[in-house]
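Visitor:
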Amino acid sequence: MPAYHSTFLVDGANSREVGDFAVLPLKTKFKGPSLPCDSEYDIIDEILDLFRANTFFKNFQIKGPADRTLIYGILFVSQCLYKLNIRMSKSESVRVLLNLASEDFAIPGDIGFPLNSLYQAPKDRNESIFFRQYLTQFRQELAMRLIERLYGKDELKPNKFWMAFSRKKFMNKSL
Amino acid sequence: MDNGTGMTKLGFAGNDSPSWVFPTAIATRAPGSSGKASNAPKPTFLGGGTSSGSGNNLIGGSGTFGTTRAPALSSIKRDMGDLDFYIGDEALEAAKGPGYSLHYPVRHGQIDNWDQMERFWETSIFKYLKCEPEDHYFLLTEPPLNPPENRENTAEIMFESFNCAGLYIAVQAVLALAASWTSAKVTDRTLTGTVIDSGDGVTHVIPVAEGYVIGSAIKNIPLAGRDITSFIQTMLRERGEPDSSLKTAEEIKQKFCYVCPDIVKEFAKYDNNPEMFAKYIIDTVSGRKLTIDVGYERFLAPEIFFNPEIASSDFLTPLPEIVDSVIQASPIDVRRNLYRNIVLSGGSTMFKDFGRRLQRDLKGIVHRRVSANERLSGAKSSGVQVQVISHKRQKNAVWFGGSLLAQTSEFRSYCHTKQDYEEYGPNIVRNFSLFNVP
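If you read the protein sequences in the order shown, they are chains A and B.
Position 156 of the first sequence, counting from 1, maps to 155 under numbering that gives the first Met the number 0, and the rest follow consecutively.
Position 123 of the second sequence, counting from 1, maps to 122 under numbering that gives the first Met the number 0, and the rest follow consecutively.
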């Protein structure tokens with residue numbers, strides 16, 4: 000049984016893509032270009048569900064655009080965990096991760112993006128601006144929901160079982 | 000006697016569990032003080048043809064035989080140092096102190112150092128079993144594909160050094176099959192089946208047809224108990240638990256680990272009910288209590304059999320696929336029976352639901368192939384029954400199977416006796432008659 004794939008692979012008509020990266024709707028309050036999500040379960044939930052299982056795998060076969068979104072999300076979660084440590088309180092983590100989510104980052108096609116061999120670059124400048132906005136929104140929402148999972152009821156200490164995953168590298172890559 | 004790489008199981012036929020289980024380890028005087036010829040190709044310790052008296056001398060501790068011996072180079076050097084050794088748990092204890100070094104005479108299931116093995120057997124017989132080998136028939140075990148020369152060496156030691164009455168050397172996989180007859184699921188007692196034997200060092204998948212091992216189809220998996228333990232250890236370290244020693248990891252493996260049907264669902268289960276996280280408490284020497292939280296390793300550690308990728312980077316084929324390819328490599332007329340009778344043996348198959356998961360995954364593989372065949376050929380298949388048998392005696396299955404077979408009245412007629420040995424020489428043990436299925 001290989002690593003888990005995204006269940007958003009076949010989305011039919013309403014799929015939007017930049018390059019070959021699926022721009023999936025998000026349930027979020029952060030500002031950005033994503034479409035509102037009408038179902039209970041979105042890609043962010045899926046990333047957080049699959050994160051712990053998939054980080055153990057080094058090989059992953061990309062089956063569609065949504066898998067690329069999944070990979071990006073999982074690698075971002077790893078990066079977030081790496082920035083945190085076991086002694087940080089919830090408010091501190093929120094600050095660190097929001098900074099991380101909105102700071103300058105490389106998008107597919109940029110020099111310095113580690114997965115350029117797997118991702119296509121955006122076609123033109125407009126698409127690239129749109130993509131950066133979407134990814135910022137995606138990162139912010141993912142970071143916030145990660146914090147919900149990390150802290151749960153305890154405001155002071157993150158869950159150590161989650162924190163143990165900070166050194167795992169999905170596909171041996173990191174953002 | 001079942002001498003495995005890790006543990007030796009000793010006991011008498013008819014019992015349902017071995018009377019002694021201890022590490023196959025021997026501690027001898029450190030090299031230099033005893034100057035023994037290790038790696039001797041042939042047994043030299045007690046020498047050929049000595050009477051059983053030498054064994055008794057040894058136990059009495061008189062130790063005079065060294066001087067009355069023919070002056071072969073290796074035996075001149077032998078002196079009291081030869082008697083100064085411990086086996087099993089005592090060996091582990093002794094090796095901690097000064098002056099002793101620890102050896103494991105069995106490597107990868109095969110006997111590596113005959114000199115040490117002979118002394119190991121000697122202590123096993125006289126100190127643990129406390130029996131007269133002249134009056135007893137011995138059932139020893141060997142790994143599949145053991146070279147016949149090893150059998151001959153074994154026979155030489157058993158007959159000439161110990162003077163035992165009779166000897167049978169059985170293949171471990173066959174005994175494991177016999178042990179599965181105790182399971183309620185087994186309706187006909189056959190010696191045909193696939194044995195999955197997972198001990199500490201390596202996992203074998205061995206197809207057996209009517210008592211014969213199909214040597215060409217055997218496959219080994221370099222993942223077994225030790226890898227599970229070290230996987231648990233890394234997880235404990237990553238989490239920064241207060242103690243991540245080998246012993247702790249081992250205990251956690253034995254007490255808490257189980258096989259889950261699906262890892263993602265299992266993660267969610269842990270999120271929803273925190274009582275899935277267990278606590279393991281160790282008492283330290285200083286009297287303090289250390290509490291270790293046990294988390295996802297409970298189901299992730301045994302998962303390495305089904306998803307080797309999570310623990311190793313060079314071996315990637317899951318166990319069910321290996322089993323399938325082993326059966327596919329066997330002769331076509333026994334495949335159906337091999338699928339129907341998959342038997343587990345060894346400590347690393349003891350995880351809860353191990354058999355169920357294996358059966359489910361293997362069924363998936365087989366059914367996919369059957370339906371692909373049906374689609375291509377248009378013919379309807381009668382279906383292949385896949386059944387994994389797990390039973391209560393899995394841990395010492397090989398020993399227990401031996402105990403079962405050795406208590407039958409025919410057992411003695413299958414053995415080679417001392418008279419046979421003296422008449423024909425050591426090469427008679429190259430062949431043993433197979434057990435008839437009762």
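Quick reminder that beta carbons are idealized off the backbone N, C-alpha and C, glycines included.
Suppose only complete runs of 4+ residues qualify. What are the alpha helix (DSSP H) ranges in the segment 253 to 305 of chain B, listed by chain order?
Guide: List check, alpha helix (DSSP H) in window: 262 to 271 and 296 to 302.
Visitor: Locate the beta strand (DSSP E) running through Trp120 of chain B, then write down its first and last residues.
Guide: Segment Trp113 to Thr122 is the alpha helix (DSSP H) holding Trp120 of chain B; no beta strand (DSSP E) there.
Visitor: Which residues does DSSP list as the beta-bridge partners of Met6 of chain B?
Guide: For Met6 of chain B, which the question treats as bridged, DSSP gives the partners B:Pro22.
Visitor: Please state whether DSSP places Pro188 of chain A in a helix, a strand or coil.
Guide: For chain A, the structure presents residues 0 to 174; residue 188 of chain A sits outside this window and is missing.
Visitor: Along chain B, which residues have their Cβ under 8 Å away from the Cβ of Lys159 of chain A?
Guide: The contacting residues are Arg238, Gly239 and Asp292.
Visitor: Is Phe276 of chain B closer than 9 Å to Val263 of chain B when the C-beta atoms are compared?
Guide: It is not a contact, given that the beta carbons lie outside the stated cut-off.
Visitor: Do Asn145 of chain B and Pro425 of chain B have their beta-carbon atoms positioned less than 9 Å apart in this structure?
Guide: No, the pair does not count as a contact, with Cβ atoms beyond the cut-off.
Visitor: Under 9 Å, do Phe84 of chain B and Thr23 of chain B count as touching if we go by C-beta distance?
Guide: Cβ atoms of Phe84 of chain B and Thr23 of chain B: not closer than 9 Å.
Visitor: Which residue marks the beginning of the beta strand (DSSP E) containing Glu141 of chain B, and which one marks its end?
Guide: Counting along the chain, the beta strand (DSSP E) containing Glu141 of chain B begins and ends at Tyr136 to Glu141.
Visitor: Could you confirm whether any beta carbon from chain B is found closer than 9 Å to the beta carbon of Met162 of chain A?
Guide: Yes, Met162 of chain A counts as interfacial toward chain B.
Visitor: In whole angstroms, what is the alpha-carbon distance linking Thr191 of chain B and His203 of chain B?
Guide: Taking the straight line joining both Cα atoms gives about 16 Å.
Visitor: Can Ser33 of chain A and Tyr118 of chain A be called in contact, C-beta distance under 9 Å?
Guide: No; because the gap between Cβ atoms is not below 9 Å, this pair is not in contact.
Visitor: Check whether the segment 29 to 46 of chain A touches the segment 82 to 90 of chain A, counting contact only when three or more Cβ pairs, one atom from each stretch, lie closer than 8 Å.
Guide: The answer is no - the segment 82 to 90 of chain A does not touch the segment 29 to 46 of chain A, with fewer than three Cβ pairs under 8 Å.
Visitor: Can you list the residues of chain A that Ile309 of chain B reaches, using a CB-CB cut of under 7 Å?
Guide: Per Cβ cutoff of 7 Å: Phe55 and Phe56.
Visitor: Quick one: does Ala267 of chain B have its CB under 9 Å from some CB of chain A?
Guide: True, the Cβ-Cβ gap to chain A drops below 9 Å.
Visitor: Let me check understanding here. Comparing Cα to Cα, which of B:Gln171, B:Gly224 and B:Cys130 lies closest to Leu139 of chain B?
Guide: Residue B:Gln171 is the option with its Cα nearest to Leu139 of chain B.
Visitor: Mind reading off the beta-carbon distance from Ser344 of chain B to Val397 of chain B? Whole number of angstroms is fine, and I expect it under 8 Å.
Guide: About 6 Å; that satisfies the 8 Å criterion.
Visitor: Could you have a look at Pro64 of chain A and say whether DSSP puts it in helix, strand or coil?
Guide: Reduced to three states, the DSSP call for Pro64 of chain A is helix.
Visitor: What does the alpha-carbon distance come out to for the pair Phe304 of chain B and Ala310 of chain B?
Guide: Looking at the two C-alpha atoms, the distance is approximately 9 Å.
Visitor: Just to confirm the assignment, what range does the alpha helix (DSSP H) spanning Lys89 of chain A have?
Guide: Where Lys89 of chain A is concerned, the enclosing alpha helix (DSSP H) stretches over Lys89 to Ser101.
Visitor: Assuming Asp323 of chain B contacts Val369 of chain B under a Cβ cut-off of 8 Å, what Cβ separation, rounded to an integer in Å, is found between them?
Guide: That belief does not hold up - the Cβ atoms of Asp323 of chain B and Val369 of chain B are roughly 12 Å apart, past 8 Å.
Visitor: Under 9 Å, Cβ to Cβ, is there at least one residue of chain B near Asp153 of chain A?
Guide: False, the Cβ-Cβ gap to chain B never drops below 9 Å.
Visitor: Could you have a look at Ile213 of chain B and say whether DSSP puts it in helix, strand or coil?
Guide: In this structure, Ile213 of chain B counts as coil in the three-state DSSP scheme.
Visitor: Would Gly72 of chain A and Ile43 of chain A qualify as a contact pair, given that the criterion is a beta-carbon distance under 9 Å?
Guide: Yes, the pair counts as a contact, with Cβ atoms nearer than the cut-off.
Visitor: Using a C-beta to C-beta distance shorter than 8 Å, which residues of chain A count as neighbours of Met116 of chain B?
Guide: None at all; the shortest Cβ gap to chain A is about 40 Å.
Visitor: Kindly give me the distance between the Cβ atoms of Asp352 of chain B and Tyr269 of chain B, rounded to whole angstroms, as I take these residues to be in contact under 8 Å.
Guide: That pair is no contact at about 16 Å.
Visitor: Below 8 Å on the Cβ atoms is my contact criterion, and I expect Ala164 of chain B with Thr407 of chain B to pass it. Report the Cβ-Cβ distance as a whole number of Å.
Guide: About 17 Å; that fails the 8 Å criterion.
Visitor: Return the first residue and the last residue of the alpha helix (DSSP H) that Lys362 of chain B is part of.
Guide: Phe353 to Ser376 is the span of the alpha helix (DSSP H), which, as asked, contains Lys362 of chain B.
Visitor: At a CB-CB cut-off below 7 Å, which residues of chain A make contact with Ser312 of chain B?
Guide: Residues of chain A passing the Cβ test: Lys57.
Visitor: Leaving out the 5 sequence neighbours to the left and right, which residues in its chain are closer than 6 Å to Ala328 of chain B when beta-carbon positions are compared?
Guide: Correct list, in chain order: Ala216.
Visitor: On the criterion of 16 or more Cβ atoms from any shown chain inside 10 Å, does Thr290 of chain B qualify as buried, or is it exposed?
Guide: Thr290 of chain B should be labelled exposed.
Visitor: According to DSSP, which residues form a beta bridge with Asn219 of chain B?
Guide: DSSP, once it has assigned bridges, lists B:His203 as partnering Asn219 of chain B.
Visitor: Just checking my contact of Pro113 of chain A with Lys172 of chain A at CB under 8 Å: how many whole Å lie between their CB atoms?
Guide: 5 Å between Cβ atoms; contact.
Visitor: Against chain A, with Cβ distances strictly below 9 Å, would Phe276 of chain B count as a contact?
Guide: Yes, its Cβ sits closer than 9 Å to a Cβ of chain A.
Visitor: Between B:Arg28, B:Glu117, B:Phe230 and B:Thr316, which has its C-alpha nearest Asn149 of chain B's C-alpha?
Guide: Asn149 of chain B has its Cα closest to that of B:Glu117, out of B:Arg28, B:Glu117, B:Phe230 and B:Thr316.
Visitor: Applying a beta-carbon distance threshold of less than 9 Å, which residues of chain B neighbour Ala65 of chain A?
Guide: Within chain B, no residue comes near Ala65 of chain A; the closest Cβ sits about 16 Å away, beyond 9 Å.
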